[in-house]
Structure formats: C-alpha cells, structure tokens
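Participant: In the UniProt record's numbering, the protein residues as written are 1 to 451.
Backbone N, C-alpha and C define an ideal beta-carbon position, used for all residues, glycine too.
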Amino acid sequence: MTSDLAKKVDEQLAHHREELENLIRIPSISADAFDQAEVRKSAEYVAQLARERGLEAEVVQVTAPSGLQSRPAVLAHKQVGEDKPTVLLYGHHDVQPQGTAEGWETPPFEPTERNGRLYARGAADDKAGVMVHMGALSALGDELGVNVTLFIEGEEEIGSPTFHAFLEEYRERLAADVIVVADSSNWKVGEPALTTSLRGVVRLGVEVRTLSHGIHSGMFGGVALDAVTAMSHIIASLHDEDGAVAVAGLQSWDDAEVEYTEADLRQDAGIPEDMQIIGRGSYNSRMWTQPAISVIGMDVTSTAESSNTIIPVCKAYLSLRVAPGQDPQEAGELLAKHVHEHAPYGAQVTTEVAEAGPGFKVNSGAAATQIMRDALSEAFDHHAVGIGTGGSIPFVADLHEVFPEAEILITGVEDPDTRAHAHNESLHLGDWRNAILAEALLLKNLGEKHA
1 MTSDLAKKVD
11 EQLAHHREEL
21 ENLIRIPSIS
31 ADAFDQAEVR
41 KSAEYVAQLA
51 RERGLEAEVV
61 QVTAPSGLQS
71 RPAVLAHKQV
81 GEDKPTVLLY
91 GHHDVQPQGT
101 AEGWETPPFE
111 PTERNGRLYA
121 RGAADDKAGV
131 MVHMGALSAL
141 GDELGVNVTL
151 FIEGEEEIGS
161 PTFHAFLEEY
171 RERLAADVIV
181 VADSSNWKVG
191 EPALTTSLRG
201 VVRLGVEVRT
211 LSHGIHSGMF
221 GGVALDAVTA
231 MSHIIASLHD
241 EDGAVAVAGL
251 QSWDDAEVEY
261 TEADLRQDAG
271 IPEDMQIIGR
281 GSYNSRMWTQ
291 PAISVIGMDV
301 TSTAESSNTI
311 IPVCKAYLSL
321 RVAPGQDPQE
331 AGELLAKHVH
341 EHAPYGAQVT
351 TEVAEAGPGF
361 KVNSGAAATQ
371 IMRDALSEAF
381 DHHAVGIGTG
391 GSIPFVADLH
401 EVFPEAEILI
411 TGVEDPDTRA
421 HAHNESLHLG
431 DWRNAILAEA
441 LLLKNLGEKH
451 A
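#1: Within the continuous alpha helix (DSSP H) that includes Met231, where are the two ends?
#2: Is it right to say Glu439 is buried, meaning 16 or more other beta carbons lie within 10 angstroms of its own, or is it exposed?
#3: Would you identify the three-state DSSP class for Thr162, choosing helix, strand or coil?
#4: Is it the case that the segment 406 to 422 contacts the segment 171 to 179, given that we only count it when at least three CB pairs across the two stretches are under 8 Å?
#5: Report, in whole angstroms, the separation of the C-beta atoms of Gln36 and His421, which I expect to be a contact under 8 Å.
#6: Comparing C-alpha positions only, which one of Asp83, Val87, Pro27 and Thr149 sits nearest to Ala123?
#7: Given Gly279, which residues of its chain have a CB within under 6 Å of its CB, disregarding the five upstream and five downstream residues?
#8: List, from N- to C-terminal side, the alpha helix (DSSP H) runs of 4 residues or more that fit wholly inside the segment 259 to 311.
#9: If you follow the alpha helix (DSSP H) that Asn22 is part of, which residue opens it and which one closes it?
#10: May I ask you to report which of helix, strand or coil DSSP gives Phe395?
#11: Please report the straight-line C-alpha distance between Tyr317 and Asn284, rounded to a whole angstrom.
#12: Measure the Cβ-Cβ separation of Leu335 and Leu194 and say whether it is below 7 Å.
#13: If I measure Cβ to Cβ from Asp415 and keep anything under 7 Å in the same chain, skipping five residues before and after, which residues do I get?
#14: In the DSSP output, which residue or residues are listed as bridge partners for Glu355?
#15: Bridge partners for Ile387 per DSSP, in chain order?
#16: Could you give the first and the last residue of the continuous alpha helix (DSSP H) run that contains Glu439?
#17: To which residues of the same chain is Glu191 closer than 6 Å at the C-beta, ignoring the five residues directly before and after it?
#18: Going by CA-CA distance only, name the one from Met372, Phe360, Arg373 and Thr418 that's closest to Glu401.
#19: Any idea which residues DSSP pairs Glu414 with across the strands?
#20: Kindly list the residues whose CB is nearer than 8 Å to the CB of Ile271, restricted to its own chain and excluding five residues on each side of it in sequence; keep chain order.
#21: Check whether the Cβ atoms of Thr162 and Val62 lie closer than 7 Å to each other.
#22: Should the segment 354 to 374 be regarded as contacting the segment 322 to 333, the criterion being three or more beta carbon pairs within less than 8 Å?
#23: Please report the straight-line C-alpha distance between Val396 and Arg209, rounded to a whole angstrom.
#24: Can you name, in chain order, every residue of its own chain whose Cβ lies under 7 Å from the Cβ of His450, other than the five neighbours on each side?
#25: Report the residue from Ala57, Gly249 and Ala227 whose alpha carbon sits nearest the alpha carbon of Arg173.
#26: Please tell me whether, using a cut-off of 6 Å, the distance from the CB of Ala263 to the nearest non-hydrogen atom of the ligand SAM is below it.
#27: So which of Leu238, Ser232 and Trp104 has the shortest CA-CA distance to Asn424?
#28: May I ask which residues mark the beginning and end of the alpha helix (DSSP H) holding Phe403?
#29: Helix, strand or coil: which one does DSSP assign to Glu153?
#30: Please report how far the alpha carbon of residue 452 lies from the alpha carbon of Leu250, in whole angstroms.
#31: What are the start and end residues of the alpha helix (DSSP H) that includes Arg71?
#32: Tell me which same chain residues have a C-beta within less than 7 Å of the C-beta of Gly218, skipping the five on either side of it?
#33: Within the continuous beta strand (DSSP E) that includes Gly91, where are the two ends?
#34: Please state whether DSSP places His239 in a helix, a strand or coil.
#35: Using CA atoms only, rank isn't needed, just tell me which of Ile24, Glu155 and Glu169 is closest to Ile393.
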C-alpha cells in the first residue's frame, strides 16, 4: 500500500505544485496595512481546492467578543462514517509582509526554483503546509478511511487574534480525535521530525524616562543621564556573564532528543566564529526549553536626526520565550519585576505585557504520535525524531484547552534553510513531497487502526 500511495503522490505532484504556485502568487498578507481583498482571494482559492477533493467547504469569518472581525478562513469537511475517527487538518493561508524589495533575489510572490528549492513568500510558511493536506487527500481519494475537517485560517501571521472565537463558534464542527498542525519544521533537509514542544512567548513593552524634556548635552551632560543609557543598563542586566537569562523565577529544563554541532549551529544561525554562543546547557535546550530574551524594537532618535540633546525617554519591546510548562503571564510578571528592580539611578520605568502566549508539550506516548513518527520515517526513508521549537504557536494551546482529549501532532515542511519571515524564504521540494506522503500514510493508518 505504501508503494501505491507513493506512486499516486508522485503522479499528482506536478499538479499539486501548480496549485501551490497559484496560491503563492496571491499576496495574502494579513497585516492591517495591506490589501485584505487578497486574503479573501486566497481563502476562496483554498476553498476551491478543498471542493475539488470532495470536501464541503466554505469561507467563514467570526466576530470576537471585542468586536474584532476575523480574516477569512476556510472550513471544510468530509464524512466517511460515524464510526470512524475524525482528523482535523490545520494550516494557514496568510503570509508575512515581504519586506524591502532589495533583499529578495527574485520577486517575492513569483515562485522561482533554484537548486531544488522553491523561493517565494509563503512558499514554506505556510502555503506548502496547506498543500500537504491537499496532496494527502488527493493521494487517498475514495480510500480515505477517516473523517476529515480542514481548517485553514487567515490570520496566523498577526497572532491569530480571533482564533479562540473560531473555536467557540465552530466547536462542534472542529471537534476531532486527532489534530494535525502543519506549520512547523523538520530537523534537517531529508531528516523528518515531529515537533514535541513549543516555547511560550511574552512581549513586554518598556518605557524609561530620565528627564521631563530634552536638554542640551553641553549644558547638563555630566549631571543628567539620557534615557537610552538607562535603558541599556536594564537590558544588560537581563543576561549573566555567560549570556544565560538572569531573570529570577523563569523555568528551564533539558530534554533534547537530538543535538546541534557547533559548526551547524553557527552556519544555520549565521553566528560568526569570533562571536560567543550564549547560554548554558545543550544547544537545543537553550533554543527549545530554556527561556530567552531579545530586544526586538526600540524607539529612540535616529542617527540621521540626532543632535546634542540628552534624550529624555526611550521605549523598547522585549521578547521573552518561555519554557514549555510555565505560565506566560507569570513569566511576564517576573520579567517586569526584574526590569523595575534594575532601573538605574532612579529612572522612571513603566512596563506593559503586550502579548502572552502559552507553550505546549506533546504527549509522546500517545498512539497517534507513534503512528505519525512511523509515517514520517517511512516517507522520508529516515528515522524521524522529536524536536522542540523555540518559537511559539499560541493557538496550539487554545486547541488543547478546547479539545483536551484530542491528540495534537505538529508537523511541517520548513528546515534550517527555509528563512521563514525573512527575505528569500524557500521550500525544499523533495521534503515537501515526502511530507505529503507521510500525511497520507498517517490518515491511512489511523483509518486502518479503527477499521
């Protein structure tokens, strides 16, 4: 049966790629500043693809309790039997902004193949994930042995602000025994992985004020401190001499199934030879199950607009990645407490938690988890491993909260060279093919298990 499925996947692959490229050409950027008609166009095309595979599909929107209306999502279903398990297939059709045109070697919304990789915004994150679902359903066709619900959202790249409202409004239609989230990565090209843990995330806004207004540095320099220097003191206190996070109370643990070599880590992350790799413990635990803090933005006078003025106020955003299992709200409060306690020279500090998303840890002993691992190993002809992801997928925790009995499987098509969210994002076409076969095997084996 595996060889038959592989043959079908290969026979259909060129058509799936054409569909993928059509989807990529729709610039479905969900950020407010961009044309939201393109997001609807993308949703309509995904719904069309689902209907062509025998699913009943519609484009849906919800309104959150706050009054915020969602971006268009696709909800589709195929029922094969009341006695069969139901699998929810998740992906997202929206993408990140392309950034500056100068950074792209080829047009961001015109898919271009080079050396076995397809380059374009959304090629991997997550339109290839959407097409993995479509490809698996096509390969099985009328032999599909499970009920399938397809949920392709349109606002993942802006934080899924109405996701919980979707789950509440469509709870009965989204309920499933197994949930497959196709929005993660493999360990390396050709080496498949099932994501078993996710860090949580906190975004903390910090404002530091040292003066009521700007003053001349020649007149008062030496007695009055600028706010940027005060902010720098606070930022410097966040890490110890090894570069490990120095905020008291933040949890961490080490449970890495695989490990980076230093050479691979430097190459994949772009860390120069002379630059120290920060932190303590295994490299993967530092990236997957330990906290991490980064400065992701700062409001301060630019060099082009600088003058001999002592700057009175400085604002920054800190991104805190939270170890799986720790409450992100608690972690945010601990970070805010640290910031206030390390304000130098009596500087006035205000903080605000702008975002708090929980992490997640998969039940590694669950039946569907092992079936997925076996399917990945077979499709890639390489042993599948469990990996963590240092980034966050906050809606996964929402899924677990609303459907606590469902087994959640986090898969994906990204790899260390994908550069999701960056210029020259790309998809490894061989891994994409293997991911389609792996999901088809998963659905087949789940159906046979409950036959």
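Facilitator: Taking the definition as stated:
#1: As a working mapping, residue 231 is identified with position 231 in the sequence shown. Segment Ala227 to Ala236, the alpha helix (DSSP H) holding Met231.
#2: On the sequence shown, residue 439 is found 439 positions in, with the first residue counted as 1. Counting the other Cβ atoms within 10 Å of the Cβ of Glu439 gives 16 or more, which makes it buried.
#3: Here residue 162 is taken as the residue at index 162 of the sequence shown, counted from 1. For Thr162, the secondary structure class from DSSP, reduced to helix, strand or coil, is coil.
#4: Between the segment 171 to 179 and the segment 406 to 422 there are three or more inter-stretch CB-CB distances shorter than 8 Å, so the stretches are counted as touching.
#5: For the purposes of this step, residue 36 is taken as residue 36 along the sequence shown, with counting starting at 1. For the purposes of this step, residue 421 is taken as residue 421 along the sequence shown, with counting starting at 1. Contact flag wrong, Cβ pair sits at about 20 Å.
#6: To locate residue 123, count along the sequence shown from 1; it is residue 123. Proximity to Ala123 across Asp83, Val87, Pro27 and Thr149 peaks at Pro27, based on C-alpha coordinates.
#7: The count along the sequence shown starts at 1 and reaches residue 279 at position 279. Correct list, in chain order: Gly243, Ala244 and Arg286.
#8: 262 to 269 and 283 to 288, all fully within the segment 259 to 311.
#9: One-based indexing of the sequence shown puts residue 22 at position 22. From DSSP, the alpha helix (DSSP H) with Asn22 extends over Thr2 to Ile24.
#10: As a working mapping, residue 395 is identified with position 395 in the sequence shown. Phe395 falls in the helix class under three-state DSSP.
#11: Locating residue 317 in the sequence shown gives position 317, where the first residue counts as 1. Locating residue 284 in the sequence shown gives position 284, where the first residue counts as 1. So the alpha carbons of these two residues sit roughly 25 Å apart.
#12: Taking the sequence shown and counting its residues from 1, one reaches residue 335 at position 335. Taking the sequence shown and counting its residues from 1, one reaches residue 194 at position 194. In this structure, Leu194 does not lie closer than 7 Å to Leu335 by Cβ.
#13: Translated into positions along the sequence shown, residue 415 becomes position 415. Ser185, Asn186, Lys188, Val189, His428 and Asp431.
#14: On the sequence shown, position 355 is the one that residue 355 refers to. According to DSSP, which records beta bridges pairwise, Glu355 is partnered with Arg203.
#15: Taking the sequence shown and counting its residues from 1, the one referred to as residue 387 is at position 387. Paired residues: Thr195.
#16: As a first step, residue 439 must be located in the sequence shown, where it is residue number 439. It spans Leu429 to Lys449 - the alpha helix (DSSP H) in which Glu439 sits, taken as one unbroken run.
#17: Residue 191 sits at position 191 when you count from the first residue of the sequence shown. Closer than 6 Å at Cβ, skipping near neighbours: His382.
#18: By one-based count along the sequence shown, residue 401 stands at place 401. Relative to Glu401, the option among Met372, Phe360, Arg373 and Thr418 whose CA is nearest is Phe360.
#19: Residue numbering aside, residue 414 sits at position 414 when the sequence shown is read from its first letter. Bridge partners of Glu414: Ser185.
#20: As a working note, residue 271 is residue 271 in the sequence shown. Leu265 and Ile277.
#21: As a working note, residue 162 is residue 162 in the sequence shown. As a working note, residue 62 is residue 62 in the sequence shown. Yes. Within cutoff.
#22: As far as the Cβ criterion goes, the segment 354 to 374 touches the segment 322 to 333, which means the pair count is three or higher.
#23: As a first step, residue 396 must be located in the sequence shown, where it is residue number 396. As a first step, residue 209 must be located in the sequence shown, where it is residue number 209. Taking the straight line joining both Cα atoms gives about 38 Å.
#24: As a working note, residue 450 is residue 450 in the sequence shown. Closer than 7 Å at Cβ, skipping near neighbours: Lys84 and Pro85.
#25: If you number the sequence shown from 1, residue 173 lands on position 173. For Arg173, the nearest C-alpha among the options comes from Ala57.
#26: The ligand SAM is not part of this structure, which contains no ligands at all.
#27: Taking the first residue of the sequence shown as position 1, residue 424 is located at position 424. Closest option to Asn424, Cα to Cα, is Trp104.
#28: As a first step, residue 403 is located in the sequence shown; it is residue number 403 there, counting from the start. For Phe403, no alpha helix (DSSP H) segment is defined, and its DSSP state is neither H nor E.
#29: Looking up residue 153 in the sequence shown gives position 153. Three-state DSSP puts Glu153 in a strand.
#30: This structure gives no information on residue 452, because the portion of the chain shown stretches from 1 to 451.
#31: By 1-based counting over the sequence shown, the position of residue 71 is 71. In this chain, Arg71 is not harboured by any alpha helix (DSSP H), its DSSP state being neither H nor E.
#32: Taking the sequence shown and counting its residues from 1, the one referred to as residue 218 is at position 218. Exclusion of the five residues before and after Gly218 leaves Asn308 as the residues of its chain whose Cβ lies within less than 7 Å of its Cβ.
#33: Locating residue 91 in the sequence shown gives position 91, counting from the first residue. Unbroken beta strand (DSSP E) run through Gly91: Thr86 to His92.
#34: Here residue 239 refers to the residue found at position 239 of the sequence shown. Reduced to three states, the DSSP call for His239 is strand.
#35: Residue mapping note: residue 393 aligns to position 393 of the sequence shown, counting from 1. Per the Cα distances, Glu155.
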